[in-house]
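Contents: one structure, followed by commentary.
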């Protein structure tokens, strides 16, 4: 396996594409972990932690744009983040006391099902469209 | 649906999203997108807002996970510098593209990535 510095151009292109997906808000499906382990020669642990750091940079910079466009619901996000952090701490502990292998398989199956539903479901991930208010009659 | 029921669903899903990130290292944001799109069909202006808000909520969760890796000496930042600039540029481009793209395409890309993540968890 080559080192990270052996293919700077390829690494930069891969990073740009993965960050673009991350900035789109759709995630990257762990593509960076695969790239780092299979191409750049990183260990699985190093790749996972770098993937997290990478997300902070890519999603964080996209978030600045969305904040400027006032697309963020801060109160909702605060609740989800605080509860999510508690969950993440608990999940890390769970990873020590149980084998995540089975959970990974079950969750993987759920994701495949959710993805197919999102792809074929007519009303998945959509907002309700209401008719715009009738234009006031200015002829009178 | 009452406000109490809505709050309970948000809390349980956010907890599950955090657990997924802590335990499996992925999948939390997917749960939030699906939950937001189910609960806020009426009050969000655009389907893209589900992705934006889920991403924003996962950022502090990821920061804590990252901090935990670092505190255990498991964060190797030695050559991350080469990645940092493409991460920022790609992130900004992605955020800008999100505002321009039709939500049905974002939904399709999201679905493919969700299926890919699931297959990866099942078989790899």
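Protein chains in written order, with the working numbering: chain A, 1 to 140; chain B, 141 to 264. The beta carbon of each residue, even a glycine, is placed where N, CA and C say it ideally should be.
Here's the rule I'm using: 16 or more other beta-carbon atoms within 10 Å means buried, otherwise exposed. How should residue i be labelled?
i	result
residue 148/B	exposed
residue 43/A	exposed
residue 35/A	buried
residue 61/A	buried
residue 11/A	buried
residue 209/B	buried
residue 87/A	buried
residue 16/A	buried
residue 229/B	buried
residue 172/B	buried
residue 108/A	buried
residue 101/A	exposed
residue 207/B	exposed
Whole angstroms is fine: what's the gap from residue i's alpha carbon to residue j's?
i	j	result
residue 214/B	residue 118/A	35 Å
residue 3/A	residue 234/B	Here residue 3/A scores only 47 on pLDDT, less than 50, and its place in the model should not be relied on; the value that follows carries that caveat. If you take the alpha carbons of residue 3/A and residue 234/B, they lie about 28 Å apart.
residue 135/A	residue 185/B	Residue placement at residue 135/A cannot be trusted, given a pLDDT of 48 that sits under 50; the coordinates are not used to answer.
residue 76/A	residue 39/A	39 Å
residue 223/B	residue 156/B	30 Å
residue 264/B	residue 246/B	26 Å
residue 81/A	residue 28/A	20 Å
residue 249/B	residue 26/A	7 Å
residue 8/A	residue 146/B	48 Å
residue 106/A	residue 203/B	26 Å
residue 232/B	residue 46/A	25 Å
residue 63/A	residue 192/B	8 Å
residue 188/B	residue 239/B	8 Å
residue 111/A	residue 236/B	27 Å
residue 143/B	residue 79/A	14 Å
residue 92/A	residue 31/A	22 Å
residue 51/A	residue 165/B	9 Å
residue 72/A	residue 183/B	13 Å
residue 152/B	residue 83/A	8 Å
residue 257/B	residue 65/A	27 Å
residue 175/B	residue 150/B	7 Å
residue 262/B	residue 244/B	27 Å
Between the options, which lies nearest to residue i when the distance is taken from Cα to Cα?
i	options	result
residue 220/B	25/A, 20/A, 57/A and 86/A	57/A
residue 70/A	253/B, 217/B, 196/B and 211/B	196/B
residue 211/B	64/A, 49/A and 82/A	49/A
residue 161/B	95/A, 63/A and 105/A	95/A
residue 163/B	116/A, 98/A and 125/A	98/A
residue 168/B	259/B, 254/B, 248/B and 262/B	254/B
residue 225/B	116/A, 104/A and 59/A	59/A
residue 218/B	115/A, 22/A, 109/A and 53/A	53/A
residue 104/A	201/B, 159/B and 198/B	159/B
residue 205/B	65/A, 73/A, 55/A and 72/A	55/A
residue 23/A	260/B, 199/B, 182/B and 178/B	199/B
residue 242/B	102/A, 126/A and 85/A	126/A
residue 18/A	251/B, 261/B and 227/B	227/B
residue 170/B	262/B, 194/B, 178/B and 180/B	194/B
residue 260/B	89/A, 20/A and 33/A	33/A
Inset, instruction - Please list the segments of the alpha helix (DSSP H) lying wholly inside the segment 54-135 of chain A, counting only runs of 4 or more residues, in order along the chain. - result: DSSP assignment within the segment 54-135 of chain A yields the following whole alpha helix (DSSP H) runs of 4 residues or more, N-terminal first: 74-97 and 100-120.
Inset, instruction - Ignoring anything shorter than 4 residues or poking outside the segment 152-198 of chain B, list the alpha helix (DSSP H) runs there in chain order. - result: Within the segment 152-198 of chain B, the alpha helix (DSSP H) runs of at least 4 residues that lie entirely inside it are, in chain order, 168-179.
Inset, instruction - Just list the alpha helix (DSSP H) runs in the segment 217-253 of chain B, keeping only unbroken ones of 4 residues or longer that don't cross its boundaries, in chain order. - result: Counting whole runs of 4 or more residues, the segment 217-253 of chain B contains the alpha helix (DSSP H) stretches 221-240.
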